[in-house]
């Protein structure tokens with residue numbers, strides 16, 4: 008104890024303004040962290056906590072292991088510490104979340120060392136500390152990918168991604184470049200989004216041949232030109248309108264026209280260009296849809312399956328739920344509301360959603376692309392549902408505020424919004440695959456073939472019909488579509 012106390016006093020004398028911190032975890036990452044922080048003018052490590060009883064009483068770099076994690080509150084109070092660093096990059100999600108919860112209960116601000124993958128790759132040093140993010144609390148264990156299979160699918164071949172400037176499309180591109188494609192064709196309708204992703208790739212991956220192309224995925228002439236010019240082997244169709252309330256009112260027809268027509272146009276262009284595989288990125292909201300967006304994506308799924316019949320191109324669909332931090336999701340909105348002092352708005356105290364990180368979702372999309380043989384609808388194991396109110400509380404806490412300082416305001420369910428979402432990987436409606444986080448949806452009794460030509464004729468001939476007319480059509484095409492009875496005006500507000 009005397010040696011530990013003297014070492015602590017020596018640290019105070021060297022850098023008197025350095026803030027005292029506790030380190031949680033006593034493994035290799037903690038040892039590396041203490042070595043790198045030894046000369047830090049910002050942080051002074053005054054103690055370590057670890058749940059392995061045999062380590063208690065030992066020291067790392069002269070800093071004593073004072074006890075287990077459950078003693079955090081008492082130790083922090085005794086030493087006058089207001090901040091902790093989690094140094095357990097290879098720990099399970101459950102253990103990392105426990106550490107964060109203990110810090111919260113003790114009133115400590117909390118940071119973490121970088122991820123295990125970043126440390127192993129050498130991208131960052133262990134002392135590149137960051138604040139704890141929602142991914143740390145809601146994330147799951149890393150996805151196991153068939154790297155050899157993915158490399159054989161992608162390496163040396165052209166890959167085309169629509170919606171490449173969006174959150175999902177951009178991350179798909181980041182994952183794809185790991186497998187050395189000969190060319191990556193980035194297609195997006197947004198000039199700014201396309202410019203941003205093109206700049207990122209030119210800076211981070213200068214050796215990758217990138218072709219940024221402005222294009223509307225439902226434009227047959229433009230898509231046929233791009234597909235004929237680049238002859239992609241692999242196509243990911245991520246371009247879509249996805250915002251549920253926005254697509255429910257006056258934009259209902261545009262949701263159907265865009266999401267269905269873009270899928271039909273790109274599947275046909277991929278087939279005619281001789282693509283080996285085509286992957287449609289879909290959504291959990293296509294399962295027994297209650298809103299226009301989900302119904303439009305269900306129509307897109309059926310169009311993709313129809314394209315698979317008799318085609319040499321393998322057409323595959325992948326469904327997943329909400330992803331953390333995607334464009335238009337609750338995470339950026341909550342962050343902005345907290346930054347402005349609150350309140351954070353939640354639609355209902357009991358509303359729940361399934362969440363997955365964007366990298367995890369896109370990695371599983373790639374895995375499904377490799378496994379698919381044509382006609383399948385893959386669904387992702389999204390884990391356990393999360394209450395949005397709890398998510399709001401965690402974001403408030405991670406921002407350094409008490410819930411009372413920011414507040415949570417309940418504003419009521421929006422048009423087309425479900426209180427609960429059905430699990431994607433329901434064992435009764437899906438079959439297992441060799442990958443533990445991927446299942447295949449089974450055809451359900453009563454499903455009828457999609458009258459695709461009728462749908463396309465209606466899209467071509469309709470003159471922006473109102474939302475009720477759109478819903479009437481969707482009911483005729485999709486028996487499983489069950490919108491709420493409340494009519495919605497063209498402006499999107501409840502009538």
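In my numbering, the protein residues as written are 8 to 502. No residue lacks a Cβ here, since even glycine has one placed at the ideal position from N, Cα and C.
Check	Outcome
Is the CB-CB distance between residue 365 and residue 174 below 9 Å?	yes
Give me the Cβ distance between residue 79 and residue 110, rounded to the nearest whole Å; I'm assuming they're in contact under 8 Å.	7 Å
Taking just the CA atoms, how far does residue 222 sit from residue 91?	48 Å
Note down the Cα distance separating residue 26 from residue 50, rounded to an integer number of angstroms.	5 Å
Within the continuous beta strand (DSSP E) that includes residue 470, where are the two ends?	Residue 470 -> no beta strand (DSSP E), and no H or E assigned at all.
Quick test of the definition: if touching needs 3 or more C-beta pairs under 8 Å, does the stretch 260 to 275 touch the stretch 457 to 465?	yes
Going straight from the alpha carbon of residue 44 to that of residue 98, what length do you get?	21 Å
Tell me the DSSP bridge mates of residue 322?	285
For residue 336, which three-state DSSP category applies?	coil
Does residue 244 come out as helix, strand or coil in the three-state DSSP assignment?	strand
Does the distance from the CB of residue 330 to the CB of residue 368 come in under 9 Å?	yes
Compute the distance between the beta-carbons of residue 338 and residue 427, then report whether it is under 9 Å.	no
Could you check whether residue 32 and residue 83 sit closer than 9 Å to each other, using their CB atoms as the reference points?	no
Tell me which same chain residues have a C-beta within less than 6 Å of the C-beta of residue 315, skipping the five on either side of it?	322, 381, 382
Is residue 253 near the ligand GTP - that is, is its Cβ less than 8 Å away from at least one heavy atom of it?	Ligands in the displayed structure: none, and consequently the ligand GTP is not present.
So, at 6 Å on beta carbons, what are the nonlocal neighbours of residue 200 in its own chain, with the 5 sequence-adjacent residues on each side left out?	172
Would you be able to state if there are at least three C-beta pairs under 8 Å between the stretch 230 to 239 and the stretch 273 to 291?	yes
Which residues mark the beginning and the end of the beta strand (DSSP E) in which residue 161 is found?	Premise fails: residue 161 lies in the alpha helix (DSSP H), 154 to 161, not in any beta strand (DSSP E).
Any contact of the stretch 154 to 165 with the stretch 182 to 193, i.e. 3+ C-beta pairs under 8 Å?	yes
Start and end of the alpha helix (DSSP H) containing residue 305?	299 to 315
Residues in the same chain with beta-carbon distance under 8 Å from residue 19, minus the five sequence neighbours each way, listed in chain order, please.	Annotation note: pLDDT 47 at residue 19 (below 50); position unreliable, no value reported.
How far does the beta strand (DSSP E) with residue 219 in it extend, from its first residue to its last?	217 to 221
Please determine, among 168, 271, 60, 138, the residue with the shortest C-alpha to C-alpha distance to residue 464.	271
Given a threshold of 16 other Cβ atoms within 10 Å of its Cβ, counted over all protein chains shown, does residue 495 qualify as buried or as exposed?	Confidence at residue 495 is low in this model, with a pLDDT of 41, below 50, so its placement is unreliable and the value that follows should be read with caution. Result: buried.
Three-state secondary structure (DSSP) at residue 265?	helix
If you draw a straight line from the C-alpha of residue 197 to the C-alpha of residue 247, how long is it?	12 Å
Round the Cβ separation of residue 169 and residue 139 to the nearest angstrom and send it over; I've been treating them as touching at under 8 Å.	Incorrect: roughly 34 Å between the Cβ atoms, too far for contact.
Taking the alpha-carbon of residue 69 as reference, which of 95, 284, 324, 40 has the nearest alpha-carbon?	40
Under 8 Å by Cβ, that's how I've got residue 237 and residue 190 pegged, so tell me the actual separation to the nearest angstrom.	7 Å
Apart from the five residues on each side of it in sequence, which residues of its chain come closer than 8 Å, Cβ to Cβ, to residue 86?	27, 29, 53, 54
In or out: residue 489 buried (at least 16 other Cβ within 10 Å) or exposed?	exposed
Relative to the C-alpha of residue 309, which candidate in 293, 240, 408, 349 has its C-alpha closest?	293
Assuming residue 257 contacts residue 422 (C-beta within less than 8 Å), just tell me the rounded distance between them.	At roughly 11 Å, the Cβ-Cβ gap does not stay under 8 Å, so residue 257 and residue 422 are not in contact.
I'd like the list of long-range same chain contacts for residue 144, defined as Cβ closer than 7 Å, with 5 residues on each side in sequence excluded.	104, 107, 401
What is the rounded straight-line gap between the Cα of residue 379 and the Cα of residue 61?	48 Å
Output needed for residue 158: all residues of its chain with C-beta closer than 6 Å, excluding positions within five of it in sequence on either side, in chain order.	186
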